[in-house]
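K.L.:
In this note's numbering, the protein residues as written are 112 to 193.
(1) Which residues mark the beginning and the end of the beta strand (DSSP E) in which residue 142 is found?
(2) Report yes if the C-beta distance between residue 149 and residue 168 is below 8 Å; otherwise report no.
(3) Residues in the same chain with beta-carbon distance under 8 Å from residue 195, minus the five sequence neighbours each way, listed in chain order, please.
(4) Would you mind reading off the limits of the alpha helix (DSSP H) that contains residue 157?
(5) Quick one: give me the first and last residue of the alpha helix (DSSP H) that residue 127 is part of.
(6) State yes or no: is the beta carbon of residue 140 nearer than 8 Å to at least one beta carbon in chain B?
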């Protein structure tokens, strides 16, 4: 993750936004002793969903167990229905 100053961000806002969105690579923006992270909205939503799904120990265990079973070839293909 790269870092840049607030002034540099202002000078290159459009290009920086394009890079953040296209490369899925957040940027740390500093102003004095303070800092923020600039990330795409898509990546932010993904991050929130992951945090939600792993937010409780029981749910995290269930998801990790399911992933392990799938990787061990114990998955079952199913058709999606509406």
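Backbone N, C-alpha and C fix where the C-beta goes; we use that ideal spot for every residue, glycine too.
P.N.:
Taking the structure as given:
(1) 138-142
(2) no
(3) Residue 195 lies beyond the stretch modelled for the chain, which goes from 112 to 193, so this question has no answer here.
(4) 152-164
(5) 124-134
(6) No chain B is part of this structure, which consists of one protein chain only.
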